[in-house]
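J.: Below is a structure I'd like to ask you about.
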Amino acid sequence: MNTTYIPAARIGGHSLDGVTHDVIDPATGAAFASVGWAGATDVEHAVGVATDAFAAWSTTPARERASALRGIAADLRAEAAEIAPAIAAESGKLLAEATGEVEFSAKYFDWFAEAPAIAEEEAGRVTPMRRFRVRRHPVGVVAAIGTWNFPLSIPARKIAASIAAGCPTVLKPSERTPVSSDALVRICERHLPVGVIGQVIGDGIEISNALIDDPRVAAVTFTGATPIGKIIAERAGRTMTRACLELGGRAPFIVREDADVADAVDHLMIANLRNNGESCIAANTVFVPTSLSEEFRCVLAARIEATRPGAQSEAEADFGPLIDMDAVERLTALVDKAEQAGKRVVRGQAGPDSGAFMAAAVVEDARDTELFEQEIFGPVLALVTYDDEDAVVEEVNAWGVGLAGYVCGRDLAAAQNLAERLRIGIVGINNGAPNTPEVPFGGFGASGIGREGGMDGYDEFTELQTISIAR
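Okay, here's the thing in C-alpha cells:
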C-alpha cells in the first residue's frame with residue numbers, strides 16, 4: 001500500500017504540496033510512495049529564502065560549519081536502517097548496496113567538515129614592495145541537480161561541499177527517486193540555519209531551467225547525461241553562472257598482458273555490476289590482449305553465466321532491477337542486434353518474470369556493434385581484443401569522453417604509466433571501485449567540467465580574492 005508522501009518542496013523548513021505523482025519500485029512496477037511536483041514559482045521562493053540566508057551562513061566560522069556537517073553525518077548513520085530500504089525501492093539497487101550508499105554519503109559530510117579549516121589557511125605571498133593575502137570566499141547560492149542512480153550520495157556530495165564552503169543550497173533531486181533525498185534534506189535542516197538547505201521536486205526541465213535562469217543563483221552543479229549537461233552549460237553561460245558538470249563516459253576496462261586473469265575478472269564484475277551497471281563509472285568496453293583472450297573469455301563467461309538478478313532485498317541476488325522497462329528494452333535490443341549480426345553473446349540467468357529485470361550479458365568481438373559506441377548503463381559488457389597497447393590508448397583518447405577507466409596488470413609501474421596516458425578523470429588500477437570522498441572526481445572532455453570530492457570539490461563553490469598590501 002502506498003503510504004509515503006514526499007512534499008513538492010522544502011523551503012525555509014516548511015513543506016509545500018504540489019500535483020501528486022507516483023514513485024515506482026522497479027522490481028514490481030507498482031507505486032510505493034507518492035511525491036508532489038513543484039513549479040517555477042516555488043523555485044523563485046526557494047532561491048529567495050536561500051539568498052536571505054547567504055550573508056549569515058557565509059560568515060559563520062569554519063568550526064561551526066564543520067560541526068553542522070559532522071552532525072549530519074552522524075544522523076545519516078543513525079538512520080541508515082530507515083533510509084537504505086527507500087534507496088533500494090526507488091532506484092532498484094540491492095539493499096546491501098543501498099546501505100553502503102548511506103555510509104558513503106555520510107563520509108562526504110565527514111570529509112567536507114574538514115575542508116573549511118583547511119581552506120582558511122590563507123596563502124601569503126611576498127614581493128619586495130608588496131605583501132599579498134589570498135583568500136577564498138563563498139560563491140553564493142548554489143543549485144544542486146541530482147539524478148536517480150545514486151539518489152542519496154550524489155546530492156550528499158554536492159550539498160556537503162557547497163554548505164561547507166558557506167553557500168546556501170537548493171537541491172533539485174530526480175523526481176523519480178525523491179524519497180531518500182527528502183530524508184537527507186530533513187536531516188540537514190536539523191543542523192543548519194533556516195534557508196541554508198532547500199529542496200524543490202518536479203519536472204526536470206522546468207525546475208532546472210528556473211534554477212539556472214535565476215540571477216541570484218551563483219553556481220549550478222549537475223550530474224547526468226552529456227547531452228543534458230551541454231544544454232545546462234549553455235544556459236548557465238547566459239548569466240555567467242558557474243557550472244560544475246559530472247557527465248557520462250564509456251569507462252574502458254583495459255587488461256594488460258601481465259594481468260592475473262581471475263583477479264582482473266573479479267575487478268571487472270565489481271566495476272560492471274555494482275549499482276546494476278547503472279553508474280557513470282560502470283565498466284563498458286573490455287580490452288583484452290589476444291594472448292589472454294581465450295582464458296579471459298572462459299573465466300568471464302563462467303562468472304556471467306552464474307549471475308542472477310533479483311529483488312532488492314534478496315540476499316542471493318547479484319544485482320537488482322534496472323530503473324524501468326525502457327532501460328531493459330533498450331539494452332535487450334542492443335544485445336539481440338549484436339547477436340543477430342553473428343556476435344557471440346554470453347548471458348547470465350534470468351530474473352523474476354515481472355519487473356524491470358534482465359540477464360547480465362557479454363557481447364564478444366563487439367567493436368563493430370552499437371554497444372561499443374555508447375555508454376551502456378546496465379549489466380552488459382562489450383568485449384574486444386587487442387595486440388597494440390599504444391593503439392588502445394590512442395583509440396580511447398579519441399572518444400572525446402573520459403570520466404572513469406580501469407587497468408589491470410601485475411606490473412604496477414607499467415599499469416600506472418598506462419593510466420597516466422589516458423585522458424580520463426579517475427582510473428582504477430586493479431580495483432573496480434576507485435572513487436572516494438577525499439579525492440577529486442570528474443571527467444575529461446565531454447565527460448564534464450569541474451570536480452567533486454577532495455579539496456577541489458570544495459573550491460568549486462568559492463571565489464579567490466587577492467589583497468595586495470604595500471610594505
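The sequence shown begins at 1 in the UniProt record's numbering and counts up by one. By construction, the Cβ of each residue, glycine as well, lies at the ideal position given by its N, Cα and C atoms.
(1) When you compare only the Cα positions, how much space is there between Ala243 and Ala144?
(2) Does the Cβ of Leu464 have 16 or more other Cβ atoms within 10 Å, making it buried, or fewer, making it exposed?
(3) Could you give the DSSP three-state label for Ala262: helix, strand or coil?
(4) Who pairs with Asp22 in a beta bridge, going by DSSP?
(5) Compute the distance between the beta-carbons of Pro26 and Asp324, then report whether it is under 8 Å.
(6) Bridge partners for Cys244 per DSSP, in chain order?
(7) Does DSSP put Phe357 in a helix, in a strand, or in coil?
(8) If I measure Cβ to Cβ from Ala413 and keep anything under 7 Å in the same chain, skipping five residues before and after, which residues do I get?
(9) Using three-state DSSP, classify residue 489 as helix, strand or coil.
(10) Where do the N-terminal and C-terminal ends of the alpha helix (DSSP H) with Glu373 fall, by residue?
(11) Between which two residues does the alpha helix (DSSP H) holding Gly39 run?
(12) Taking just the CA atoms, how far does Val255 sit from Ile11?
(13) Leaving out five residues on either side along the sequence, give the residues of the same chain with a beta carbon under 6 Å from the beta carbon of Thr4.
(14) Return the residue from the list Ser180, Asp213 and Thr169 that minimises the CA-CA distance to Thr41.
(15) Taking only three categories from DSSP, how would you classify Ile449?
(16) Give the C-beta separation of Asp266 and Ile6 to the nearest angstrom, bearing in mind that I take them to be a contact with Cβ-Cβ under 8 Å.
(17) Excluding the 5 residues flanking Pro434 on each side, which residues of the same chain have their C-beta closer than 6 Å to its C-beta?
(18) Does Val126 pass the burial test, meaning 16 or more other C-beta atoms within 10 Å, or should it be called exposed?
(19) Pick helix, strand or coil for Gln312, following the three-state DSSP scheme.
(20) Out of Arg65, Arg135, Arg133 and Gly29, which one is the CA nearest neighbour of Ala89?
(21) As a quick exercise: from Ser153, Arg130, Leu69 and Val220, pick the residue whose alpha carbon is nearest that of Gly237.
(22) Just the Cα atoms here: how many angstroms apart are Gly18 and Pro168?
(23) With a cut-off of 8 Å, do at least 3 Cβ pairs link the stretch 372–379 to the stretch 272–281?
(24) What is the DSSP secondary structure of Arg347, reduced to helix, strand or coil?
(25) Between the stretch 125–139 and the stretch 87–104, do at least 3 Cβ pairs fall closer than 8 Å?
(26) Would you tell me roughly how many angstroms separate the C-alpha atoms of Arg65 and Ile72, rounded to the nearest one?
(27) Between the stretch 320–335 and the stretch 386–396, are three or more C-beta pairs nearer than 8 Å?
(28) Count the C-beta pairs between the stretch 439–454 and the stretch 400–414 that are closer than 8 Å, then say yes if the count reaches three, no if not.
(29) Rounded to a whole number of angstroms, what is the C-alpha to C-alpha distance between Glu305 and Gln349?
(30) Measure the Cβ-Cβ separation of Ser105 and Ser153 and say whether it is below 8 Å.
(31) Do Ala46 and Val142 come within 8 Å of each other at the CB atom, strictly closer than that value?
(32) Going by Cα to Cα distance, which pick from Phe112, Ala78, Ser291 and Glu175 is closest to Ala165?
(33) Give me the Cα-Cα distance between Glu294 and Phe372, rounded to the nearest whole angstrom.
(34) Compare the Cα-Cα distances from Asp388 to each of Arg421, Thr290, Leu16 and Pro61 and report the closest residue.
(35) Using three-state DSSP, classify Glu120 as helix, strand or coil.
(36) What residue does the alpha helix (DSSP H) around Ser181 start on, and which one ends it?
T.: Walking through what the data contain:
(1) Straight across, the Cα-Cα distance linking Ala243 with Ala144 is about 10 Å.
(2) Label assigned to Leu464: exposed.
(3) In this structure, Ala262 counts as helix in the three-state DSSP scheme.
(4) Answer is Ser34.
(5) Closer than 8 Å, so yes.
(6) Answer is Thr221, bridged to Cys244.
(7) Phe357 falls in the coil class under three-state DSSP.
(8) Excluding residues within five positions, none has a Cβ falling inside 7 Å.
(9) Nothing can be reported for residue 489: it is not among the residues displayed for the chain, which extend from 1 to 471.
(10) Unbroken run through Glu373: none, as it is neither H nor E.
(11) No alpha helix (DSSP H) contains Gly39, which DSSP labels as neither H nor E.
(12) The straight-line gap from Cα to Cα measures roughly 50 Å.
(13) Around Thr4, the same chain offers Ala33 as residues with beta carbons nearer than 6 Å, after the five sequence neighbours per side are excluded.
(14) Checked all of Ser180, Asp213 and Thr169; the closest Cα to Thr41 is Asp213.
(15) Judged by DSSP in its simplified three-state form, Ile449 adopts strand.
(16) Beta-carbon to beta-carbon, Asp266 and Ile6 are separated by about 39 Å, too far to satisfy the 8 Å threshold.
(17) Cβ neighbours of Pro434 beyond the five flanking positions: Ile426 and Gly428.
(18) It counts as exposed.
(19) Here Gln312 sits in coil by DSSP.
(20) Looking at the Cα atoms, Gly29 is the closest of the given residues.
(21) Residue Val220 is the option with its Cα nearest to Gly237.
(22) Their backbone Cα atoms lie some 23 Å apart in a straight line.
(23) By the C-beta criterion, the stretch 372–379 is judged to be in contact with the stretch 272–281, since at least 3 inter-stretch pairs fall below 8 Å.
(24) Taken through DSSP and simplified to helix, strand or coil, Arg347 comes out as strand.
(25) The stretch 125–139, when compared against the stretch 87–104, does not touch it at the 8 Å Cβ threshold.
(26) Our two residues, Arg65 and Ile72, have alpha carbons roughly 11 Å apart in a direct line.
(27) Not touching, per the Cβ criterion.
(28) Flag = yes, the stretch 439–454 and the stretch 400–414 touch.
(29) Roughly 6 Å between the two C-alpha positions.
(30) A contact, by the Cβ cut-off of 8 Å.
(31) No, Cβ-Cβ distance for Val142 and Ala46 is not below 8 Å.
(32) Of the residues Phe112, Ala78, Ser291 and Glu175, the one whose Cα lies closest to the Cα of Ala165 is Phe112.
(33) Their Cα atoms are separated by approximately 20 Å.
(34) Of the listed residues, the one whose Cα sits closest to Asp388 is Thr290.
(35) DSSP places Glu120 in coil when its eight states are reduced to three.
(36) Start and end: Pro178 to His191.
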